[in-house]
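> Counting from 1, one number per residue, gives the positions in the sequence shown under the UniProt record's numbering. All residues carry an ideal CB built from backbone N, CA and C; glycine is no exception.
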Amino acid sequence: MKIPSTVIPLVDGSRLARTRGKARESDRVDVPAPVDEPLRADQDALSVALDLGDDATALLTVLRQRRRDRASGEVESDAPSEWTDALLEDDSLQRFEELHACLRGGGSAQQVLALLRTRFPDAGDALLVLGQWRRFRDLSREERECLEEVLATLRAALEGEGAQSLRDARAGANASAKAKLVAHRTGLDAKALRESYRDFLGMDLVPISQYELWMEQYGFEARHSVLDFIERALVADIYALDPSCSRLEFGNALRYIVRLGSLRSADLRLLSSGWRQDIMARLRVDKPTWLLAMFSVVRDAEKLRTLLHATCAKAVPPPTIEERCILVQSMRRALSQLSPAMWHGQDEYAATFAALDELAEQAVSAEIAARPLSVLRVR
Numbered sequence: 001m002k003i004p005s006t007v008i009p010l011v012d013g014s015r016l017a018r019t020r021g022k023a024r025e026s027d028r029v030d031v032p033a034p035v036d037e038p039l040r041a042d043q044d045a046l047s048v049a050l051d052l053g054d055d056a057t058a059l060l061t062v063l064r065q066r067r068r069d070r071a072s073g074e075v076e077s078d079a080p081s082e083w084t085d086a087l088l089e090d091d092s093l094q095r096f097e098e099l100h101a102c103l104r105g106g107g108s109a110q111q112v113l114a115l116l117r118t119r120f121p122d123a124g125d126a127l128l129v130l131g132q133w134r135r136f137r138d139l140s141r142e143e144r145e146c147l148e149e150v151l152a153t154l155r156a157a158l159e160g161e162g163a164q165s166l167r168d169a170r171a172g173a174n175a176s177a178k179a180k181l182v183a184h185r186t187g188l189d190a191k192a193l194r195e196s197y198r199d200f201l202g203m204d205l206v207p208i209s210q211y212e213l214w215m216e217q218y219g220f221e222a223r224h225s226v227l228d229f230i231e232r233a234l235v236a237d238i239y240a241l242d243p244s245c246s247r248l249e250f251g252n253a254l255r256y257i258v259r260l261g262s263l264r265s266a267d268l269r270l271l272s273s274g275w276r277q278d279i280m281a282r283l284r285v286d287k288p289t290w291l292l293a294m295f296s297v298v299r300d301a302e303k304l305r306t307l308l309h310a311t312c313a314k315a316v317p318p319p320t321i322e323e324r325c326i327l328v329q330s331m332r333r334a335l336s337q338l339s340p341a342m343w344h345g346q347d348e349y350a351a352t353f354a355a356l357d358e359l360a361e362q363a364v365s366a367e368i369a370a371r372p373l374s375v376l377r378v379r
């Protein structure tokens, strides 16, 4: 094939100068104005929401393409390397090749199932393998019937263990690809992330307790990455060909994930509005301890006084009255940034700030009492 030659039009000097001038203007970078942390938290939450929308759009596009391919008689490629990357075993391709060799060698459904359970002990991986394997174009009728029997036997076994077992298997199959991507980016354990998604679907914890559980399991710095994974895994599960939950269950999970997203924004507000590095360094308080302390106050306002006393007791020498005032004010400023919905009810919300106001008044009274009389007379 003859490649057509490119025709380069002549450009006069004035037009070239105008073009270069526009290029220089486009190269200018406008420095954004400083954004306060609460607003940044809202922007982060909006960014995550937009990312979730992008994920959902991409999934819908894939599903539509699959429907078109099926309608036209086309099927996916038989190359296992194209989908075994989503499995969480290190040598997934080699394990699948052993399975395929067993099937091609005339293995019975019982033999294939036994080998499948050995090579892919997680039921989610086993379902994912069978789902892709059954789509191979070069399978004989006997081989395809064998795989259908293996799948039916596996599903029956999972259903016999209870509805949760089948749900967990489907959830694991649908979330494994997201778990592997997040693990590669963050260094977290992909299998642990998959289990966390399964637990998320079955747990009935208040959002703060769930958030604290992830902090304990994965560490303070990884808390947002874990929540990001759960959000994306939930979207992938909802739009999967074999979803793990009903529409009602997914609706409850979506409402719960929205509350967790609000808690993530509250987390950022607590650390931006109430954190005083100079005071916290004196009190030997780090950010994870401060955040967990604020969460405990949200759950139980009665812990506020004990928390303040325990925090001040760590400082050597003991904090001054002024530092105690600053600490109480920081706690009040941080908690005032949170939505009242974070508390169990309006009474708990009011009790928290009543206790804070009382502690602030006591600190101010102590500061006034400690001042010299000469200072008071001058004023």
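Select from R194, C325, D199, D286 the residue whose C-alpha is nearest the C-alpha of S365.
Among R194, C325, D199, D286, the Cα nearest to that of S365 belongs to C325.
> Would you decide whether R247 is buried or exposed? Buried here means 16 or more other CB atoms lie within 10 Å of its CB.
exposed
> Roughly how many angstroms lie between the CA atoms of G251 and C245, to the nearest whole one?
10 Å
> Roughly how far, in whole angstroms, is the beta-carbon of S273 from the beta-carbon of R223, given that I think they are within contact range, below 8 Å?
Incorrect: roughly 18 Å between the Cβ atoms, too far for contact.
> Just mark S176 as buried or exposed, buried being the case when its beta carbon has 16 or more other beta carbons within 10 Å.
buried
> Can you name, in chain order, every residue of its own chain whose Cβ lies under 7 Å from the Cβ of L291, other than the five neighbours on each side?
The beta carbon of L291 is closer than 7 Å to those of D267, L270, L271 in its chain, skipping five residues each way along the sequence.
> What is the rounded straight-line gap between the Cα of L356 and the Cα of L304?
8 Å
> Any heavy atom of the ligand HEM closer than 7 Å to the CB of H344?
For the structure depicted, the ligand HEM is absent and the ligand set is empty, with no information on it obtainable.
> Decide if the stretch 250 to 265 is in contact with the stretch 206 to 223; the criterion is three or more beta carbon pairs, one per stretch, under 8 Å apart.
yes
> Quick check on DSSP: helix, strand or coil for G105?
Of the three classes helix, strand and coil, the one that applies to G105 here is coil, per DSSP.
> Going straight from the alpha carbon of L115 to that of L181, what length do you get?
27 Å
> Pop quiz: A236 and G172 are said to be a contact at Cβ under 8 Å. What is the actual Cβ separation, rounded to whole angstroms?
12 Å between Cβ atoms; not a contact.
> Output yes or no for whether 8 Å exceeds the beta carbon distance between E348 and R282.
no
> Quick check on this structure: which residue in F120, P288, A169, W343 has the alpha carbon closest to the alpha carbon of E216?
Out of F120, P288, A169, W343, P288 has the C-alpha closest to the C-alpha of E216.
> Check Y218 in the structure and name its three-state DSSP category.
Correct three-state label for Y218: helix.
> At what residues does the alpha helix (DSSP H) containing C146 begin and finish?
141 to 161
> Within this structure, are the beta carbons of A179 and A190 separated by less than 8 Å?
yes
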